[in-house]
Amino acid sequence: KAGVTQTPRYLIKTRGQQVTLSCSPISGHRSVSWYQQTPGQGLQFLFEYFSETQRNKGNFPGRFSGRQFSNSRSEMNVSTLELGDSALYLCASSEGLAGATISYEQYFGPGTRLTVT
Amino acid sequence: KQEVTQIPAALSVPEGENLVLNCSFTDSAIYNLQWFRQDPGKGLTSLLLIQSSQREQTSGRLNASLDKSSGRSTLYIAASQPGDSATYLCAVRPKGYQFYFGTGTSLTVIP
Chain A
1 KAGVTQTPRY LIKTRGQQVT LSCSPISGHR SVSWYQQTPG QGLQFLFEYF
51 SETQRNKGNF PGRFSGRQFS NSRSEMNVST LELGDSALYL CASSEGLAGA
101 TISYEQYFGP GTRLTVT
Chain B
118 KQEVTQIPAA LSVPEGENLV LNCSFTDSAI YNLQWFRQDP GKGLTSLLLI
168 QSSQREQTSG RLNASLDKSS GRSTLYIAAS QPGDSATYLC AVRPKGYQFY
218 FGTGTSLTVI P
């Protein structure tokens with residue numbers, strides 16, 4: 001099976017612009033999560049989607065948004081970019097959502113390196 | 118809010134040594150705990166997943182244990198190799214869907 005793919009791999013934007021990142025999960029996986037990784041804050045959860053619905057959201061401003069399509073592919077959008085948004089954005093997929101009796105392994109993509117100047 | 122701590126933050130060992138990485142978490146009501154490795158500038162590679170009902174998991178030279186009551190997990194690496202050099206992260210999934218990650222342990226194995 002192909003792994004999680006993310007496009008683009010590298011991106012340079014200027015302050016005030018907006019950006020859209022894309023994630024294609026492993027075939028058959030229905031849950032997609034997004035994370036932001038920075039040297040100062042480590043890995044922070046952005047949001048999780050399952051069956052085209054946002055199931056959980058981290059503590060990020062409304063400039064960060066996402067969506068999931070019927071084929072489970074997901075996009076995240078950041079509007080009005082700030083210098084502090086420079087980070088590695090990671091996408092992870094899993095077969096489903098964790099529940100009381102079952103939980104699923106997460107598989108990560110290579111990330112999109114966003115630089116805001 | 119779940120807090121995840123990893124100690125030590127950095128570790129340097131000679132090749133061939135056995136080593137233990139530690140992960141502690143504050144809320145024991147978790148679905149699972151997952152260990153990852155991350156190479157510089159790259160994504161995360163899953164190493165081991167321990168369900169909340171399990172005590173340990175093994176894969177090759179790796180063994181991970183979970184003690185929910187004390188909020189601790191350890192990752193044991195046997196006979197370390199230079200290729201094991203990476204940052205190791207643990208993540209816990211409490212009952213609420215979101216994963217919480219530790220800050221990682223940067224491991225260097227010296228040939």
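Which chain is which? The protein sequence lines are A and B, in order. Letter by letter, the first sequence follows residues 1 to 117 of the working numbering. Letter by letter, the second sequence follows residues 118 to 228 of the working numbering. Positions of the beta carbon are idealized from the N, C-alpha and C atoms, including for glycine.
Short of 8 Å from the beta carbon of B/P228, and not among the five residues preceding or following it, lie these beta carbons of its own chain, in chain order: E132, P199. Minimum Cα-Cα distance from B/R189 among the listed residues B/K212, B/R172, B/L136 corresponds to B/R172. Among the residues of the segment 61-77 of chain A, none has a Cβ less than 8 Å away from any Cβ of chain B. Along the length of the segment 1-46 of chain A, whole beta strand (DSSP E) runs at least 3 residues long occupy 5-7, 10-13, 19-24, 31-38, reported in chain order. Closer than 8 Å to the CB of A/P110 there is at least one CB belonging to chain B. Pairing A/Q37 with A/L90, the inter-Cα distance amounts to about 7 Å. The beta carbon of A/T5 is closer than 7 Å to those of S24, G109 in its chain, skipping five residues each way along the sequence. In this structure the segment 13-32 of chain A does not lie against the segment 191-206 of chain B, because fewer than three pairs of beta carbons, one per stretch, are closer than 8 Å. In the three-state scheme derived from DSSP, where H, G and I count as helix and E and B as strand, B/D184 is classed as strand. In this structure, B/I147 places its C-beta atom within 8 Å of the C-beta atom of B/V209. By alpha-carbon distance to A/W34, the top candidate from A/L11, A/N56, A/T80, A/G40 is A/N56.
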